[in-house]
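Here the numbering used here runs 4 ahead of the position in the sequence shown, where the first position is 1.
Notes follow the structure.
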Amino acid sequence: TCVAATLFVAEEAALGPAEPAEGLAVPPGPNCCPCHTRLAFRSLGALFPRLHQLCCRVPRTLRRLFVAELCSWMAFMTFTLFYTDFVGEGLYQGVPRAEPGTEARRHYDEGVRMGSLGLFLQCAVSLLFSLVMDRLVQRFGTRAVYLASVVAFPVAAGTMCLSRSVAVVTASAALTGFTFSALQILPYTLASLYHREKQVFLPKYRGDAGSSASEDSLMPSFPPGPKPGSPFPNGHMGAGGGGLLPTSPVLCGASACDVSMRVVVGEPPETRVIPGRGICLDLAILDSAFLLSQVAPSLFMGSIVQLSQSVTAYMVSAAGLGFVAIYFATQVVFDKSDLTKYSV
């Protein structure tokens with residue numbers, strides 16, 4: 005729905021459109037339905053090449069992390085989306101389609117309430133581990149904590165498949181909070197590590213060629229401000245020229261003030277500096293793993309349960325995806341030694 009909505013949003017042709025001349029009427033934009041439909045199809049045609057280019061330009065280190073996180077989120081979402089139904093039908097032998105007030109429906113409602121308690125304990129455990137995650141990483145390292153969280157999930161899901169004890173199943177659900185906490189913290193920690201040492205982990209995306217490649221990747225989107233006495237593009241004098249800005253800023257540095265001024269007055273396109281690969285793009289790619297992980301369980305789990313005639317298939321599928329996630333988690337680059345080990 006979100007992607008479809010963006011098809012009807014027109015792109016700006018330029019960042020700073022020129023003001024229309026006085027006395028000239030501005031032609032109205034396309035308001036008819038065929039024009040909007042044509043615009044939507046044109047935007048749709050431009051969407052897929054951009055997505056293809058984005059996927060092809062993802063560094064290998066980030067691609068490994070994305071695949072591992074996607075598999076982990078798919079396993080976790082398969083568990084979370086259907087856990088209450090599993091408890092209501094599998095453990096309490098309830099029937100969700102039974103008439104209200106019947107014994108079968110009452111058992112199902114009790115199971116759903118117990119399942120909700122398990123998800124609450126999951127959130128509580130996740131909060132607890134989030135508070136101490138920094139200490140765990142400092143004590144055991146990012147690799148050990150991440151792999152332990154990924155391994156803990158299929159163990160918990162497998163225990164739910166084999167046990168018929170409500171207490172054991174609820175405790176296993178609470179254990180998945182450790183995985184939940186790690187998936188929300190550690191992948192972004194690794195992405196920050198990759199960008200902190202771009203010359204090591206992202207060698208093809210350090211910036212422009214030359215000796216200043218590492219500096220180019222950290223360069224802001226705006227070039228340095230004008231020298232004292234030189235005019236801005238709108239005619240105003242720079243710091244020290246007209247008295248508009250103090251010569252020695254007190255509350256902010258000269259670069260920050262210059263950037264703020266240049267944002268207001270605009271910047272000619274030919275002088276704009278294009279930055280290197282930024283961390284926001286990579287964080288957005290990692291965020292998309294969480295969103296994509298909800299698609300497959302929603303589409304296929306209903307058919308899998310109908311074929312197996314058992315809600316235990318929910319937990320079996322979650323455990324299976326968890327084991328797949330373990331494999332890909334072992335391929336993630338955690339430090340410099342992994343670059344040689346995995347030939348990245």
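By construction, the Cβ of each residue, glycine as well, lies at the ideal position given by its N, Cα and C atoms.
Span separating the alpha-carbon of residue i from that of residue j
i    : j    : result
R143 : V149 : 9 Å
A152 : D138 : 15 Å
G145 : H199 : 19 Å
D291 : Q298 : 12 Å
Y192 : Y87  : 27 Å
M319 : I308 : 12 Å
I189 : L131 : 12 Å
G122 : A175 : 7 Å
L187 : V141 : 13 Å
V172 : V336 : 32 Å
L43  : Q126 : 46 Å
G246 : R46  : Summary for G246: the model assigns pLDDT 46, below 50, so the residue's position carries little reliability; its value from the coordinates is reported in the next sentence. For G246 and R46, the distance between alpha carbons rounds to 48 Å.
T82  : M305 : 8 Å
P63  : L206 : 7 Å
V204 : L285 : 19 Å
G49  : L287 : 25 Å
R168 : T316 : 11 Å
L66  : F338 : 11 Å
S134 : S185 : 6 Å
S196 : E73  : 15 Å
L295 : G105 : 38 Å
F70  : E103 : 45 Å
L343 : L194 : 14 Å
T84  : F124 : 11 Å
S314 : A293 : 28 Å
Q68  : R101 : Note that residue 68 is Arg in the sequence shown here, rather than Gln. Roughly 43 Å between the two C-alpha positions.
A128 : K340 : 35 Å
V159 : S321 : 13 Å
L303 : V136 : 36 Å
A177 : V155 : 14 Å
Three-state class that DSSP yields for residue i in the structure shown
i    : result
L206 : coil
E201 : coil
T163 : helix
R42  : helix
V336 : coil
R168 : coil
P104 : coil
G246 : Note that G246 has pLDDT 46, beneath the 50 cutoff, so the model's placement of it is unreliable and no number is given.
R147 : helix
Y192 : helix
Range of the contiguous alpha helix (DSSP H) that encloses residue i
i    : result
E73  : R64 to F90
P100 : Run containing P100: none; DSSP gives neither H nor E here.
E107 : E107 to F144
T316 : T316 to A333
Q310 : V299 to S312
S292 : I283 to L296
Residue i at chain C interface by Cβ criterion, 9 Å
i    : result
H199 : You won't find chain C in this structure, because it holds only one protein chain.
Subject >> Three CB pairs or more closer than 8 Å across the stretch 91-98 and the stretch 111-122 >> reply: Three or more pairs of CB atoms, one per stretch, sit closer than 8 Å, so the stretch 91-98 contacts the stretch 111-122.
Original post:
Does the stretch 157-173 come close enough to the stretch 102-112 to have 3 or more Cβ pairs within less than 8 Å?
Top reply: Taking 8 Å as the limit for Cβ pairs, the verdict is that the stretch 102-112 does not touch the stretch 157-173.
**OP:** Please confirm if the stretch 67-78 is in contact with the stretch 321-336, defined as three or more CB-CB distances below 8 Å between the two stretches.
**Re:** Because the criterion of three Cβ pairs below 8 Å is met, the stretch 67-78 and the stretch 321-336 touch.
Original post:
Would the stretch 330-346 and the stretch 174-184 be scored as touching if the rule is three or more Cβ pairs under 8 Å?
Top reply: Verdict: no, contact absent.
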